[in-house]
Amino acid sequence: MAKEDQKFSIGIDLDTTYSCVGLWLEQHNRVEIIHNQQGHKTTPFVAFTDSNQRLIGDAAKDQAVINPENTVFDAKRLIGRKYSDPTIQKEKILWPFKVVAGINDKPMIVVKYKGQEKHLCAEEISYMVLTKMLKIAEVYLETHVKNVVVTVPAYFNDSQPKATKHDGAIAGLNVMRIINEPTAAAIAYGLDKRANCVGETRSMKLRLPGKSHLGREDVDSRKGNYFVADFKKKNKVDISGYPRALRRLRTACERAKRILSFEVATNIDLDGIVEGTDRFTQPMLKQLKEFYKIK
71 MAKEDQKFSI GIDLDTTYSC VGLWLEQHNR VEIIHNQQGH KTTPFVAFTD SNQRLIGDAA
131 KDQAVINPEN TVFDAKRLIG RKYSDPTIQK EKILWPFKVV AGINDKPMIV VKYKGQEKHL
191 CAEEISYMVL TKMLKIAEVY LETHVKNVVV TVPAYFNDSQ PKATKHDGAI AGLNVMRIIN
251 EPTAAAIAYG LDKRANCVGE TRSMKLRLPG KSHLGREDVD SRKGNYFVAD FKKKNKVDIS
311 GYPRALRRLR TACERAKRIL SFEVATNIDL DGIVEGTDRF TQPMLKQLKE FYKIK
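Each residue of the sequence shown is one higher than the last, beginning at 71 in the working numbering.
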């Protein structure tokens, strides 16, 4: 709860897959992650549109299987990139929604909204999610919020953080700083640490290589790629052209990934994934080496 005359600065983590919003509690010397309306600390970076409504977050993800063509995820991968970028061309094969080239080769996401075809850029999706996270904070604080610090993936190039800051400005926010996620994590880790370095010089520099396509969605995509190829080999049917089948497969891969967090094995089990085909069942243990190319 908050008083109207209090001014707050919030932090928003705009991750590729899930986002969250937090507040620094001075009296408790800690960060409070604010729960969304569903009681979750994180909100899916997903947007959905149809003839009547626009949904963001959990509500959008919940109906993804029913209407995959209008359910947009992974949008942050498009920010600051060209449609002709080889990365985009590889990714879009497994996206159930349509991505086309816009002006100056800008990737545009095609959705249907209120009976019309709309072309949305990734920044517009990011703006929707940013506005959603802001609303979550304002409901919790019971006051308007303007000042915000935003974290972005470390793989963002120079233009991508600028685009994110522009989204914040459009939303009426004062984006105080854009910080990449590893830096934010390091700051959070050392926030309450104290050191007394006297009598000698100390110097440390650490650099670790990163991989921008090895997150939770990438794991699902890699599994999805594997099963699309396997299904085509066994059934002579390429399901990459069936958005609903792709969404069902991706959802099943995500579910299997969660189960493998505490079980040693599980199955991908889908009945009639494409009309005219039999039940699709695959064990999810022996393929792990294939997914990660472990030798």
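We put the beta carbon where it would ideally sit given N, CA and C, even for glycine.
Requested in this report: Please go through the same chain and pick out, in chain order, the residues whose beta-carbon is closer than 6 Å to the beta-carbon of Gly172, but skip the five residues on each side of it.
Outcome: Sequence index remark: in the sequence shown, residue 172 carries index 102 (1-based). Spatial neighbours of Gly172 in its own chain (CB-CB distance under 6 Å, excluding positions within 5 residues in sequence) are listed in chain order as Met178.
Query raised in the report: Using CA coordinates, which residue listed in Ala239, Trp165, Ala224 and Phe143 is at the minimum distance from Arg192?
Result: Here residue 192 is taken as the residue at index 122 of the sequence shown, counted from 1. It is Ala, not Arg, that sits at residue 192 in the sequence shown. Distance check between Ala192 and each of Ala239, Trp165, Ala224 and Phe143 places Phe143 closest, using alpha-carbon atoms only.
Query raised in the report: Near Ala224, what residues of its chain come up, given a Cβ to Cβ distance below 6 Å and the 5 sequence neighbours on each side ignored?
Result: Looking up residue 224 in the sequence shown gives position 154. These residues qualify, in order along the chain: Asn250, Glu251, Pro252 and Gly280.
**Report entry** Proximity of Val135 and Arg317 at Cβ, strictly below 8 Å
**Finding:** In the sequence shown, the residue the question calls residue 135 occupies position 65. In the sequence shown, the residue the question calls residue 317 occupies position 247. Yes, the pair counts as a contact, with Cβ atoms nearer than the cut-off.
Requested in this report: Would you give the residue range spanned by the beta strand (DSSP E) that Pro177 belongs to?
Outcome: As a first step, residue 177 is located in the sequence shown; it is residue number 107 there, counting from the start. Here the beta strand (DSSP E) through Pro177 covers Pro177 to Tyr183.
Query raised in the report: Does DSSP put Ala189 in a helix, in a strand, or in coil?
Result: Along the sequence shown, one-based indexing puts residue 189 at 119. The question names Ala, but residue 189 is His in the sequence shown. Looking at His189 - three-state DSSP - the assignment turns out to be strand.
Query raised in the report: Which residues bound the alpha helix (DSSP H) around Ala36?
Result: Shown here, the chain extends from 71 to 365; a query on residue 36 therefore has no answer.
Query raised in the report: Can you check whether the CB of Val91 is closer than 8 Å to the CB of Ile206?
Result: For the purposes of this step, residue 206 is taken as the residue at position 136 of the sequence shown. For the purposes of this step, residue 91 is taken as the residue at position 21 of the sequence shown. Going by C-beta atoms, Ile206 is nearer than 8 Å to Val91.
Query raised in the report: Mapping DSSP to helix, strand and coil, what is Gly81?
Result: Stepping through the sequence shown from its first residue, residue 81 is reached at position 11. In the displayed model, Gly81 falls within a strand according to three-state DSSP.
Requested in this report: Taking Asp120 as part of the beta strand (DSSP E), name the residues at either end of that continuous run.
Outcome: Numbered from its first residue, the sequence shown carries residue 120 at position 50. That residue, Asp120, is in no beta strand (DSSP E); it is neither H nor E in DSSP.
Query - Endpoints, beta strand (DSSP E) assigned at Asp339 - result: Start at 1 with the first residue of the sequence shown, and residue 339 comes out as number 269. Its beta strand (DSSP E) spans residues Asn337 to Leu340.
Query raised in the report: Hey, which unbroken runs of the beta strand (DSSP E) at 3 residues or more fall wholly within the segment 226 to 251?
Result: The DSSP assignment places complete beta strand (DSSP E) segments of no fewer than 3 residues inside the segment 226 to 251 at 244 to 250, in order along the chain.
Query raised in the report: Which residues bound the alpha helix (DSSP H) around Lys160?
Result: Counted from its first residue, the sequence shown places residue 160 at position 90. Here the alpha helix (DSSP H) through Lys160 covers Pro156 to Glu161.
Query raised in the report: Leu95 bridges to which residues according to DSSP?
Result: The sequence position of residue 95 within the sequence shown is 25, counting from 1. Beta-bridge pairing by DSSP links Leu95 to Arg100.
Query raised in the report: For the 8 Å Cβ check, are there 3 or more pairs between the segment 234 to 248 and the segment 123 to 133?
Result: Not touching, per the Cβ criterion.
**Report entry** C-beta atoms of Val218 and Pro231 nearer than 8 Å
**Finding:** Reading the sequence shown from its first residue, position 148 is the one you call residue 218. Reading the sequence shown from its first residue, position 161 is the one you call residue 231. Inclusion of Val218 and Pro231 in the CB contact set at 8 Å is not warranted, their separation being larger than that value.
Report task. Under 8 Å Cβ to Cβ from Tyr88, same chain only, skipping five residues before and after it: list those, please. Result -> As a first step, residue 88 is located in the sequence shown; it is residue number 18 there, counting from the start. Thr112, Thr113, Pro114 and Phe115, listed in sequence order.
Requested in this report: Taking 8 Å as the cut-off, decide whether the C-beta atoms of Phe167 and Glu139 are in contact.
Outcome: As a working note, residue 167 is residue 97 in the sequence shown. As a working note, residue 139 is residue 69 in the sequence shown. Yes, the Cβ-Cβ distance between Phe167 and Glu139 is below 8 Å.
Query raised in the report: Under the three-state reduction of DSSP, which class applies to Lys168: helix, strand or coil?
Result: Locating residue 168 in the sequence shown gives position 98, counting from the first residue. Lys168 falls in the strand class under three-state DSSP.
Query raised in the report: If you follow the alpha helix (DSSP H) that Lys152 is part of, which residue opens it and which one closes it?
Result: Indexing the sequence shown from 1 puts residue 152 at position 82. It is not in any alpha helix (DSSP H) - Lys152 carries neither H nor E in the DSSP assignment.
Query - Proximity below 8 Å, CB of Ile338 to CB of Ala322 - result: Locating residue 338 in the sequence shown gives position 268, where the first residue counts as 1. Locating residue 322 in the sequence shown gives position 252, where the first residue counts as 1. Yes, Cβ-Cβ distance for Ile338 and Ala322 is below 8 Å.
Query raised in the report: Taking Cβ positions only, does Glu96 come closer than 8 Å to chain B?
Result: Judged by its chain identifiers, the structure shown contains no chain B, having just a single protein chain.
Requested in this report: Report the option in Thr234, Gly185 and Asn227 whose CA atom is closest to the CA atom of Ser196.
Outcome: Sequence index remark: in the sequence shown, residue 196 carries index 126 (1-based). The option with the nearest alpha carbon to Ser196 is Thr234.
Query raised in the report: When you compare each of Glu324, Leu84, Ile329 and Phe332 to Val199 by their alpha carbons, which one comes out closest?
Result: Position 129 of the sequence shown, counting from 1, holds the residue named residue 199. Ranking the options by Cα distance to Val199, first place goes to Leu84.
Query raised in the report: Under the DSSP definition of a beta bridge, which residues are partnered with Ile126?
Result: Here residue 126 refers to the residue found at position 56 of the sequence shown. DSSP output for Ile126 lists Ala117 as bridge partner(s).
Query raised in the report: Val222 lies in the beta strand (DSSP E); which residues open and close that run?
Result: Looking up residue 222 in the sequence shown gives position 152. DSSP places Val222 inside the beta strand (DSSP E), whose first and last residues are Asn217 to Val222.
Query raised in the report: Considering only the beta carbon of each residue, do Phe78 and Val215 sit closer than 8 Å?
Result: As a first step, residue 78 is located in the sequence shown; it is residue number 8 there, counting from the start. As a first step, residue 215 is located in the sequence shown; it is residue number 145 there, counting from the start. Result yes, Cβ atoms of Phe78 and Val215 sit closer than 8 Å.
**Report entry** Bridge partners - Ser89, DSSP secondary structure assignment
**Finding:** Indexing the sequence shown from 1 puts residue 89 at position 19. DSSP, once it has assigned bridges, lists Leu84 and Thr113 as partnering Ser89.
**Report entry** His110 versus Arg325: straight-line alpha-carbon distance, rounded
**Finding:** Here residue 110 corresponds to residue number 40 of the sequence shown, with the count starting at 1. Here residue 325 corresponds to residue number 255 of the sequence shown, with the count starting at 1. Take the alpha-carbon of His110 and the one of Arg325: they are about 18 Å apart.
Query raised in the report: Just how far apart, CA to CA, sit Ile82 and Met203?
Result: Numbered from its first residue, the sequence shown carries residue 82 at position 12. Numbered from its first residue, the sequence shown carries residue 203 at position 133. Counting only the Cα atoms, Met203 lies some 7 Å from Ile82.
Requested in this report: Starting from the C-beta of Ile163, find all residues in its chain whose C-beta is less than 8 Å away, skip the five residues before and the five after it, and write them out in chain order.
Outcome: To locate residue 163, count along the sequence shown from 1; it is residue 93. Hits under 8 Å: Ser310.
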